[in-house]
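*Asks:* Chains as they are written, first to last, in my numbering: chain A, 1317 to 1695; chain B, 9 to 142. Before I ask anything, here is the structure I am working with.
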Amino acid sequence: MKQNSVAVVGAAETTKMGKIPDVSVIGLHADAALNAMADAGLKPSDIDGVATAGISPVELAHYLGIKPTYADGTSVGGCSFMLHVRHAAAAINAGLAKTILITHGESGRSRVGAGGFGRAPSSLMGQFEMPYGVTSPPTMFTVPVLRYMKTYGVTEEDLANVAVVQREWAALNPRASFKDPITVDDVLNSPMIAWPFRMLMCCLVTDGGGALILTSADRARDFPQKPVYVLGTGESVETPMVSQMYDFTSSTAFKISGKKAFDEAGITHADVDHLMIYDAFAHLPLYGLEDLGFCKPGEAKDFIRERNTAIGGKLPLNTNGGGLSYMHSGMYGMYALQESVRQMRGTAAAQVKDARISIAHGVGGMFAASGTIVFTNRS
Amino acid sequence: MARILPEPTPETRHFWDGCRDGELRLQRCTDCNHTYFPPRAFCPSCASRKVEVYAASGRGVLWSYVINHRPRQDMGTEPYAIAVVKLDEGPTMMTNIVGCPQTPEALVLDMPVKVRFEKQTDDISLPLFEPAQS
Ligand SMILES: [Zn+2]
């Protein structure tokens, strides 16, 4: 994509977050969309492009009364929204639409109007993973991690430390689900979920949503909010089955998506002021820091232990508290994007001073897919 | 509650027939010699359609795993390992490790394992793995 040709002009999360038993999935999409439109000073009739995952863009458009010239239903898990941003940027540049709305909503906790988590027994996952007792993501996303730990000497304490540092960020965020400080011992004494993963190494399960509105950079200056420009983008997909990852110690999709985004943005790692790495589980920031090239393989654990990603560190990471402490409805990528936008607007609860470049990096499925967006607040 | 079982498709039928008959079957490309899993009608390395089914050794090493402490209803009430083995022929395969305690102490990465078929129905046997002598 062309650098800085497209900007985020509307961004918002659902009015409430956490436990929302009185709103269904599509209602959460709509609540976030209405908030984002209010943020941008737009009405549904001003929107000519829609993108969403979880539900169909058809459902979204009709529910909001939008008659679009562009629809993107890319659904590759929790990073789908990074891909939607990327596709929207290309679409706006190509003239397919002028003003594109991207929404997420999920009743992860209350399950109001939500579908199930089954796989057809004839699918590849149904044949070659389901028979062995996998359940929800805690028993799948975690499967490669012992190999990673053995290869690089990563310990359970290292995994626990990821959650501890992110809780420190969450303490600064009034909207975070968990704000009380925790120690490595607290994490290692929390209930066992799927060894070596304990409860505090696993994401929350909450209700919520978020929405973004993108338009061309030349129009962006006329909107009420400070524009946040899309500087570079990347995406990739890898495998529908975690047991078939190309390399258990590294995400190939992360590497491809991240490199593409850095190349498009024309930046180096030293240029990055703020980073979001989708953390459904404690190992994901470790893989992310390494596969994006911020650390050499095996060194992310030390990077975090040395407090480089903590408050006051040189690379503030997951400053909203992350999926481990802020919220996680199921497809968390939208919340990583929202925090990057807030940081670029200068409105984050834990604002990084003078931040100019922020990256939101997402994972989809169980290491199935990836999307990376580089934002900047400089045109 | 009956265990969740696979439903073979035309492309995977040979694999499940093999498990039923006590043979771990993989596929190999006759153009580039690449062995791959899960089954498909072409080589994922070079896209050739010239592939053959063969009986693999059934041996490999324990590659990675988790021990699920919240058992799925059809899997009983005790914690069990959801494992991946790396077969001697190259591919990785999800499975369960049987014939040993489901503990970190007993389940040591890189330990040799060999396949053991466990009959579920007349049509379906699952390829599970047990510790083996190296
Ligand atoms: Zn081949």
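For glycine and all other residues, C-beta sits at the position ideal for the given N, C-alpha and C. Source: prediction; values computed, not measured.
For chain B, find out if any of its Cβ atoms is closer than 8 Å to the Cβ of I1371 of chain A; answer yes or no.
*Replies:* To locate residue 1371 of chain A, count along the first sequence from 1; it is residue 55. No, its Cβ sits nowhere closer than 8 Å to a Cβ of chain B.
*Asks:* What do you reckon, is the C-beta of C40 of chain B under 7 Å from a heavy atom of ligand 1?
*Replies:* Residue mapping note: residue 40 of chain B aligns to position 32 of the second sequence, counting from 1. Yes - ligand 1 has a heavy atom lying nearer than 7 Å to the Cβ of C40 of chain B.
*Asks:* Taking 8 Å as the cut-off, does the segment 1445-1452 of chain A touch the segment 1564-1572 of chain A (at least 3 CB pairs, one atom from each stretch)?
*Replies:* The segment 1564-1572 of chain A, when compared against the segment 1445-1452 of chain A, does not touch it at the 8 Å Cβ threshold.
*Asks:* Just to make sure I have the definition right: I need the residues of chain B whose C-beta is within less than 7 Å of the C-beta of L1440 of chain A. Which are they?
*Replies:* In the first sequence, residue 1440 of chain A corresponds to position 124, counting from 1. Near L1440 of chain A (Cβ distances below 7 Å), the residues of chain B are P46.
*Asks:* If the cut is a Cβ gap below 8 Å, which residues of chain A does L13 of chain B touch?
*Replies:* In the second sequence, the residue the question calls residue 13 of chain B occupies position 5. P1437, P1447, listed in chain order.
*Asks:* Please list the residues of the segment 97-130 of chain B that have a C-beta atom closer than 7 Å to any C-beta atom in chain A, keeping them in chain order.
*Replies:* Within the segment 97-130 of chain B, the residues whose Cβ lies closer than 7 Å to some Cβ of chain A are T100, M101, M102, T103, N104, P112, L117, listed in chain order.
*Asks:* Alpha helix (DSSP H) containing G1343 of chain A: first to last residue?
*Replies:* Mapped onto the first sequence, residue 1343 of chain A falls at position 27. Note, G1343 of chain A: alpha helix (DSSP H), 1341-1356.
*Asks:* Mapping DSSP to helix, strand and coil, what is R67 of chain B?
*Replies:* In the second sequence, counting from the first residue as 1, residue 67 of chain B sits at position 59. Strand, per DSSP.
*Asks:* Between L1462 of chain A and chain B, is any beta-carbon pair separated by less than 8 Å?
*Replies:* Taking the first sequence and counting its residues from 1, the one referred to as residue 1462 of chain A is at position 146. So, interface residue.
*Asks:* Given that a residue counts as buried once 16 or more other Cβ atoms are within 10 Å of its Cβ, and exposed if not, what is E86 of chain B?
*Replies:* Taking the second sequence and counting its residues from 1, one reaches residue 86 of chain B at position 78. By the 10 Å Cβ count, E86 of chain B comes out exposed.
*Asks:* Suppose you measure from the CA of H1378 of chain A to the CA of P1601 of chain A; what does that come to, to the nearest Å?
*Replies:* Position 62 of the first sequence holds residue 1378 of chain A. Position 285 of the first sequence holds residue 1601 of chain A. The straight-line gap from Cα to Cα measures roughly 37 Å.
*Asks:* When you compare only the Cα positions, how much space is there between A1577 of chain A and P1543 of chain A?
*Replies:* Here residue 1577 of chain A refers to the residue found at position 261 when the first sequence is read from its first residue. Here residue 1543 of chain A refers to the residue found at position 227 when the first sequence is read from its first residue. Going from the Cα of A1577 of chain A to the Cα of P1543 of chain A covers about 20 Å.
*Asks:* Check for me: the alpha helix (DSSP H) holding L1605 of chain A runs from which residue to which?
*Replies:* To locate residue 1605 of chain A, count along the first sequence from 1; it is residue 289. Start and end: 1599-1607.
*Asks:* Compare the C-beta of K1335 of chain A with all C-beta atoms of chain B and state if any pair is closer than 8 Å.
*Replies:* As a working note, residue 1335 of chain A is residue 19 in the first sequence. Judged by the 8 Å Cβ criterion, K1335 of chain A is not in contact with chain B.
*Asks:* Which chain B residues sit within Cβ distance under 9 Å of V1459 of chain A?
*Replies:* As a first step, residue 1459 of chain A is located in the first sequence; it is residue number 143 there, counting from the start. Simply S72, Y73, V74, I90, A91, V92, M102.
*Asks:* Looking at ligand 1, does it come within less than 7 Å of C51 of chain B, judged from the CB to the closest heavy atom?
*Replies:* Position 43 of the second sequence, counted from the first residue, corresponds to residue 51 of chain B. Indeed, a heavy atom of ligand 1 lies less than 7 Å from the Cβ.
*Asks:* Ordered along the chain, which non-local residues of its own chain (more than five positions away) have a Cβ less than 6 Å from that of V61 of chain B?
*Replies:* Working through the second sequence from its first residue, we reach residue 61 of chain B at position 53. Correct list, in chain order: H22, R33, Q35.
*Asks:* Considering M1660 of chain A, what are the terminal residues of the beta strand (DSSP E) in which it resides?
*Replies:* By 1-based counting over the first sequence, the position of residue 1660 of chain A is 344. Taken as a continuous stretch (DSSP letters only), M1660 of chain A belongs to no beta strand (DSSP E), being part of the alpha helix (DSSP H) at 1649-1661.
*Asks:* Please work out which residues of its chain come closer than 6 Å, Cβ to Cβ, to A1492 of chain A, disregarding the five sequence neighbours upstream and downstream, and give them in chain order.
*Replies:* Mapped onto the first sequence, residue 1492 of chain A falls at position 176. A1486, G1637, S1641, Y1642, listed in sequence order.
*Asks:* Put M1465 of chain A into one of helix, strand or coil per three-state DSSP.
*Replies:* As a working mapping, residue 1465 of chain A is identified with position 149 in the first sequence. M1465 of chain A: helix per DSSP, three-state reduction.
*Asks:* Kindly examine ligand 1 and report whether one of its heavy atoms sits closer than 7 Å to the Cβ of S1340 of chain A.
*Replies:* By 1-based counting over the first sequence, the position of residue 1340 of chain A is 24. Because no heavy atom of ligand 1 lies under 7 Å away, the Cβ of S1340 of chain A does not count as near it: no.
*Asks:* Using beta carbons (cut-off 8 Å, strictly below), is K1466 of chain A in contact with chain B?
*Replies:* Position 150 of the first sequence holds residue 1466 of chain A. Closer than 8 Å: yes.
*Asks:* Quick one: which chain B residues come within Cβ less than 7 Å of V1450 of chain A?
*Replies:* Reading the first sequence from its first residue, position 134 is the one you call residue 1450 of chain A. Neighbours of V1450 of chain A on chain B, chain order: I90.
*Asks:* For I1336 of chain A, collect the residues of the same chain with a Cβ closer than 6 Å to its Cβ; drop the 5 residues on either side in sequence, then sort them by chain order.
*Replies:* Along the first sequence, one-based indexing puts residue 1336 of chain A at 20. Around I1336 of chain A: D1523.
*Asks:* Can you tell me whether DSSP reads R33 of chain B as helix, strand or coil?
*Replies:* Taking the first residue of the second sequence as 1, we reach residue 33 of chain B at position 25. Of the three classes helix, strand and coil, the one that applies to R33 of chain B here is strand, per DSSP.
*Asks:* So, are the CB atoms of R28 of chain B and I132 of chain B less than 8 Å apart?
*Replies:* Locating residue 28 of chain B in the second sequence gives position 20, where the first residue counts as 1. Locating residue 132 of chain B in the second sequence gives position 124, where the first residue counts as 1. Yes.
*Asks:* Mind the definition here: the segment 87-103 of chain B touches the segment 1670-1678 of chain A only if three or more C-beta pairs lie below 8 Å; say whether that holds.
*Replies:* Short answer: they don't touch.
*Asks:* State yes or no: is the C-beta of C54 of chain B nearer than 7 Å to some heavy atom of ligand 1?
*Replies:* Locating residue 54 of chain B in the second sequence gives position 46, counting from the first residue. Correct: C54 of chain B has its Cβ closer than 7 Å to ligand 1.
*Asks:* Is the shortest distance between the beta-carbon of T1531 of chain A and the beta-carbons of chain B less than 8 Å?
*Replies:* Residue mapping note: residue 1531 of chain A aligns to position 215 of the first sequence, counting from 1. It does not; no Cβ of chain B falls within 8 Å.
*Asks:* Going along chain A in order, which residues have a C-beta closer than 7 Å to the C-beta of T20 of chain B?
*Replies:* Residue 20 of chain B sits at position 12 when you count from the first residue of the second sequence. Neighbours of T20 of chain B on chain A, chain order: Q1443.
*Asks:* From A:E1472, A:T1499, A:V1470, A:K1359, pick the residue whose C-alpha is nearest to that of R1483 of chain A; which is it?
*Replies:* On the first sequence, residue 1483 of chain A is found 167 positions in, with the first residue counted as 1. Checked all of A:E1472, A:T1499, A:V1470, A:K1359; the closest Cα to R1483 of chain A is A:T1499.
*Asks:* Which residues in chain B have a C-beta closer than 7 Å to the C-beta of T1455 of chain A? List them in chain order.
*Replies:* Locating residue 1455 of chain A in the first sequence gives position 139, where the first residue counts as 1. The answer, in chain order, is V74, N76, I90.
*Asks:* In whole angstroms, what separates the C-alpha of F50 of chain B from that of K58 of chain B?
*Replies:* For the purposes of this step, residue 50 of chain B is identified with residue 42 of the second sequence, where counting begins at 1. For the purposes of this step, residue 58 of chain B is identified with residue 50 of the second sequence, where counting begins at 1. Those two C-alpha atoms are separated by around 7 Å.
*Asks:* Using a Cβ cut-off of 8 Å (strictly closer), state whether M9 of chain B contacts chain A.
*Replies:* Mapped onto the second sequence, residue 9 of chain B falls at position 1. Chain A, which has no Cβ nearer than 8 Å to the Cβ of M9 of chain B, makes this no.
*Asks:* With a threshold of 8 Å between beta-carbons, can Q1482 of chain A be considered close to chain B, or not?
*Replies:* Translated into the one-based positions of the first sequence, residue 1482 of chain A becomes position 166. No, its Cβ sits nowhere closer than 8 Å to a Cβ of chain B.
*Asks:* Could one say the Cβ of S1566 of chain A lies closer than 8 Å to chain B's Cβ atoms, at least one of them?
*Replies:* The residue labelled residue 1566 of chain A in the question sits at position 250 within the first sequence. With 8 Å as the cut-off, S1566 of chain A does not count as an interface residue toward chain B.
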